[in-house]
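For the sequence shown, the residue numbers in UniProt numbering are 72 to 231.
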Amino acid sequence: FLPHLVASMEQVEETYIMVKPDGVQRGLVGDIISRFEKKGFKLTGLKLFQCPKDLAEEHYKDLNSKPFFPKLIEYITSGPVVCMAWEGAGVVASARKLIGSTDPLQAEPGTIRGDLAVQTGRNVVHGSDSPENGKREIGLWFKEGELCQWTPAQAQWLRE
Ligand code: IDP
Ligand code: MG
């Protein structure tokens with residue numbers, strides 16, 4: 072029985088991160104993946120994917136009464152996206168910090184949106200806003216068998 076392992080297991084969360092079509096078209100995929108990879112989170116799912124309209128609408132269903140909703144769906148389905156699942160203690164909130172504010176002009180330098188974008192309607196990346204939505208969105212975007220459970224060789228150098 073290893074209490075410290077049990078404690079760290081309990082905090083493990085997953086988040087759905089997506090490079091939006093503008094990020095793919097602008098050649099930012101490598102840079103964006105790299106930021107999560109270098110931080111030390113664990114990649115458990117990754118694919119290039121053309122999103123169908125019904126999936127985009129389901130993913131953003133909480134926003135379906137907003138005036139920008141039709142344009143948002145058009146944007147997300149306008150070209151391939153890169154779908155990712157990332158895992159780790161605190162990954163949901165940390166990923167949101169790495170991504171930066173929704174409006175790239177308000178996003179801090181050093182964040183993905185702060186460094187790489189200028190407009191809310193083209194803000195290059197998505198990140199789940201809660202552990203519950205992380206699970207929900209990974210379930211929406213990935214099929215069983217597309218996710219991998221593995222132990223990174225560096226695990227023991229990331230956490231004591
Ligand atoms: P988030 O992506 O930072 O979580 P949300 O408020 O959940 O921001 O909005 C989802 C996405 O909808 C944004 O990332 C952006 O692409 C788009 N969006 C949000 N607000 C606007 C807006 O006022 N105009 C155009 N697009 C918007
Ligand atoms: Mg959101």
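In this text, a Cβ means the ideal position worked out from N, Cα and C, and glycines have one as well. This one's a predicted model, so the numbers in the text were calculated from it and none came from an experiment.
Collapsed DSSP secondary structure at residue i in the structure displayed
{"i": "Val83", "result": "strand"}
{"i": "Thr115", "result": "strand"}
{"i": "Glu179", "result": "coil"}
{"i": "Gly159", "result": "strand"}
{"i": "Val189", "result": "coil"}
Counted within 10 angstroms of its Cβ, other Cβ atoms place residue i as buried (16 or more) or exposed
{"i": "Leu119", "result": "exposed"}
{"i": "Ala226", "result": "exposed"}
{"i": "Arg230", "result": "exposed"}
{"i": "Leu176", "result": "exposed"}
{"i": "Trp228", "result": "exposed"}
{"i": "Trp157", "result": "buried"}
{"i": "Leu134", "result": "exposed"}
{"i": "residue 277", "result": "What the structure shows of the chain is the stretch from 72 to 231, and residue 277 is not part of that stretch, so it cannot be assessed."}
Beta carbon of residue i nearer than 8 Å to that of residue j
{"i": "Val196", "j": "Met89", "result": "yes"}
{"i": "Glu85", "j": "Ile209", "result": "yes"}
{"i": "Leu211", "j": "Glu129", "result": "yes"}
{"i": "Ile170", "j": "Pro92", "result": "no"}
{"i": "Gly198", "j": "Ala178", "result": "no"}
{"i": "Gly111", "j": "Met155", "result": "no"}
{"i": "Val152", "j": "Cys122", "result": "yes"}
{"i": "Ala188", "j": "Val83", "result": "no"}
First and last residue of the uninterrupted beta strand (DSSP E) at residue i
{"i": "Val196", "result": "Val196 to Gly198"}
Extent of the continuous alpha helix (DSSP H) run through residue i
{"i": "Lys206", "result": "Pro202 to Trp212"}
{"i": "Pro141", "result": "Phe140 to Ile147"}
{"i": "Lys109", "result": "Val100 to Lys110"}
{"i": "Gly94", "result": "Pro92 to Gln96"}
Residues near residue i in its chain [Cβ-Cβ closer than 7 Å; skip 5 each side]
{"i": "Gly94", "result": "Val100, Ile103, Val195 and Val196"}
{"i": "Gln190", "result": "Pro175"}
Test: residue i CB closer than 8 Å to a CB of chain B
{"i": "Ala156", "result": "The structure shown has no chain B; it contains just one protein chain."}
Close Cβ partners of residue i (< 8 Å) along its chain, the five nearest in sequence each way excluded
{"i": "Gln96", "result": "Gly150"}
{"i": "Lys142", "result": "Gly192"}
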